[in-house]
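Remarks on the structure that follows.
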Amino acid sequence: GLERGAKNQFSTFSNFITTINQKKEGIGNRNSPTQLVIPNIKNVRDLPPICLDVRQKQRISIDTLPQELKAPIPPEPSLPIRTKTVKDFQDDVEKAKSSGDWKGVHDFYSTTFDSFLEINAAFKKDTDSPFNTIEDSGINGKFVNVVYDALLNTPQDVQKSVLKGIINGLLQEWKGPRTKDDLRAYCILLQNPQFSNTSTYVIYAHLLRQIAALTEADHHFLVHWSKKISQKRFKQLVDRLLQFISLRLFPAKPEEFPPMVKCTWWIPSATKVLALFNAANSLISPSIISYTDFYNSTLDHIDLMEEYHNWQCYGNSHRFSFCQYPFIISIAAKKVIIQRDSEQQMISIARQSLVDKVSRRQKPDMNMLFLNVKVRRTHLVSDSLDELSRKRADLKKKLKVTFVGEAGLDMGGLTKEWFLLLIRQIFHPDYGMFTYHKDSHCHWFSSFKCDNYSEFRLVGALMGLAVYNSITLDIRFPPCCYKKLLSPPIVPCDHNTLVGICDVTLDDLFQIMPELAHGLSELLSYEGNVEEDFYSTFQVFQEEFGVIKSYNLKPNGDKIPVTNQNRKEYVQLYVDFLLNKSIYKQFAAFYYGFHSVCASYALLLLRPEEVEILVCGSPELDMSALQRSTQYEGYQKNDLTIRYFWDVVLGFSLDLQKKLLHFATGSDRVPVGGMADLNFKISKSETSTNWLPVAHTCFNQLCLPPYKNKKELKQKLIIGISNAEGFGLE
């Protein structure tokens, strides 16, 4: 159902080429490339929109096809013979610069970019070889880079000749499937730096449109070829596509582009091509660029909830939504979507509770609108488990916590305190639910068998409540945990379906048990006789409550020796046993606990790394950033007390800085949006300077008496932040 962009669809576009041809070539030879103007852009006829078919299952928005699904290879036409080398071209450019005669260079550019065949003739490493595999594109990347690097420093008539040639290639009438030479030409044209200039966006849009409309098998080749591009060029391509999307959404000069209603296919085309690069980036470990380099912060300023609702309503249909391509949405924007989705669910649940009360002719009260958790500090875990178990129907209401015997009112601060203390107790080694690995500084699930896994469900529910209520937690799980938490991202209807099981590798084990992972890596690279020297079988042993237990990694594993031939299988089964099978019941309870609160289609938008950021925030404290964003009440930022305060805080150790953050905000973690999102405020306390500072954690507010000197302020502040547990009312 994807349009091909045939010749008869470009009638006005052809007129626009004629206009370019009629321009006098001698005008503005030395003009800056930023002066390049393509006339009559508004008159370009609208083409049928691209029909997207992006499935929710696609985590990276484009599947890479297995070898057997590739389309049959059409015969390649014979290519013209072109013998110019990189050195020949560089010599020609130098001569043109010194003599001022650019005819030779002009002829090279106008010939090379006149058609897809000529592009291949110039840049294909060997014109006699087909290069029909995903491993090698056959493109002379060095020559392409040299030609493009020189292009922007050539006279305007040279640059225009390149654009005219590209238009000719795009206007070609296609018959049958594309050849690999066509794909090579697309790959080369995408790297043209001229497309950073808004005056070329009409041509760029049609190039993107044709690439987006290629078959999935052709996309498969482009993805694998793209991963061979250097990091610098790859980043430039991604940035160019992001800029194209941003400027189409919010043009600096709207008159430069056709009206939005006439080019609705521009953004879908660019986004789908960007998805190819995202797929290429994910195929390599480590990735070429960070996944955050695909974020488009411009999207933070559009109506994200409309995008989200369109995606929910139309899902797999042909209606475009950025949520079909979640890699382009920043974590800050995703947090907004999740928060608003949570708020809407909270309001809906609370409204339903109110309706139920009224329908039963019972008197409604405010408490029914909240998830009210009442706990004793001395029985924190058992009380919390009991409260959450009894109130499962209320988990999606706004959380309110009360500590028995304390007068604090929960405007957010008590909730933060409850989370902090509960997490601290549950993750204590003596509690036995989680094992702390010192080498990796993270917790992992204990594999000990037990009769009741409800406490693991409680931890999952806690994490879900934290995300749901926008609270950050100090939990140190490895990245693998969040990958399992999204396997699958939506709870399956069939309760017999396995959950929390994902593909795990030795790299995942390195992040939890680096010493064991190193030993297994040594086994894989061992050059001697594995069977005779290691004398191992497909059986592993674990200690549980002082008793050594054995487990077979496969049927009759205790009778199957590990050899040089099967050691890869042994390592994979061992890693799978440690990270999946041995803790299945524990993690399944944890998974269901998390999703009992956070069940939402918004989870489909998230990468595992992004779930971790939403749960834990950022551990990196930037107190200078906090200083810049702090608001004051009763003080001015240049007052002596405030200057003393920041001198002291910026000189604190990391541990004391975390204590201050916890004292003032109820958490020592930084939210997704950074320190500015804390809305931290310092208020002047009119009490005696003999008093310690006081904090209102509900409002991230620190009340600071006007201490007379820096030494006194530091002493009182350290005492206050080091003894900060419990609440009272003033």
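Quick note: the sequence shown, position 319, residue 319 per the UniProt record's numbering, numbers continuous. No residue lacks a Cβ here, since even glycine has one placed at the ideal position from N, Cα and C. Note that the structure is a prediction, hence the values are computed from the model and not measured.
By the beta-carbon neighbour count (other beta carbons within 10 angstroms, threshold 16), Tyr591 is buried. Per DSSP, Ser382 has no beta bridge partner at all. Residue pairing from DSSP places Ala695 in a beta bridge opposite Leu702.
Per the DSSP secondary-structure output, Cys442 pairs in a beta bridge with His437. Here Leu399 is bridged, per DSSP, to Leu371. Unbroken alpha helix (DSSP H) stretches of 4 residues or longer found wholly inside the stretch 203 to 234: 216 to 226, given in chain order. Taking all protein chains shown into account, Glu343 has fewer than 16 neighbouring C-beta atoms within 10 Å of its C-beta and is therefore exposed.
In the same chain as Thr198, and ignoring 5 residues on each side of it, the C-beta atoms closer than 7 Å to its own belong to Leu247, Glu256, in chain order. In this structure, Gln539 lies away from Tyr526, with their beta-carbon atoms at least 9 Å apart.
Under the three-state reduction of DSSP output, Ser685 falls in the coil class, being neither helix nor strand.
For Pro706, same chain residues with a beta-carbon under 7 Å away, outside a window of 5 residues either side, are Thr641, Lys684, Thr689 in chain order. Contact fails between the stretch 318 to 336 and the stretch 353 to 373, because fewer than three Cβ pairs, one in each stretch, are under 8 Å apart.
Under the 8 Å Cβ criterion, the stretch 331 to 351 counts as touching the stretch 609 to 616, having at least three qualifying pairs. Around Met463, the same chain offers Phe594, Val615 as residues with beta carbons nearer than 6 Å, after the five sequence neighbours per side are excluded. Here DSSP, grouped into helix, strand and coil, assigns Lys103 to helix. Sixteen is the threshold: since fewer than 16 other Cβ atoms of the shown chains lie within 10 Å of the Cβ of Ser129, the residue is exposed. Three or more Cβ pairs closer than 8 Å define a contact, and the stretch 462 to 481 falls short of that threshold against the stretch 534 to 548. DSSP places Glu256 in the helix class (H, G or I) of the three-state scheme. Residue environment for Cys450: exposed (fewer than 16 other C-beta atoms within 10 angstroms of its C-beta). Under DSSP, Ile548 forms a beta bridge with Glu543. Contact between Asn145 and Arg233 holds: CB atoms are separated by about 7 Å, below the 8 Å threshold. By the neighbour-count definition (other C-beta atoms within 10 Å, threshold 16), Met433 is a buried residue. By the Cβ criterion, the stretch 471 to 478 is in contact with the stretch 665 to 680, since at least three pairs of Cβ atoms, one from each stretch, lie closer than 8 Å. Given a length threshold of 4 residues, each whole run of the alpha helix (DSSP H) inside the stretch 646 to 672 is given here in chain order: 654 to 665. Judged by their CB atoms, Ile119 and Ile167 are not nearer to each other than the 9 Å cut-off. Taking Asp430 as reference, the option from Phe89, Trp418, Ser446 with the minimal CA-CA separation is Ser446. DSSP places Gln344 inside the alpha helix (DSSP H), whose first and last residues are 331 to 359. Close CB contacts of Ser115 within its chain, under the 8 Å cut and outside five residues either way in sequence, are with Gly165, Asn168, Gly169, Gln172 (chain order).
By the C-beta criterion, the stretch 501 to 517 is judged to be in contact with the stretch 563 to 580, since at least 3 inter-stretch pairs fall below 8 Å. Of the residues assessed, Ile81 falls on the exposed side of the cut-off, its CB having fewer than 16 other CB atoms within 10 angstroms. Contact annotation: the stretch 634 to 648 touches the stretch 691 to 707, with at least three C-beta pairs closer than 8 Å. Inter-residue distance for Lys103 and Phe113 is about 16 Å (C-alpha atoms, whole angstroms).
Counting other Cβ atoms within 10 Å of its Cβ, Val459 reaches 16 or more and is therefore classed as buried. Within the model, the alpha-carbon separation for Thr630 versus Ile288 is close to 37 Å. Taken through DSSP and simplified to helix, strand or coil, Gln636 comes out as coil. In the pairwise beta carbon analysis, the stretch 543 to 562 is classified as not touching the stretch 390 to 408: fewer than three pairs are separated by under 8 Å.
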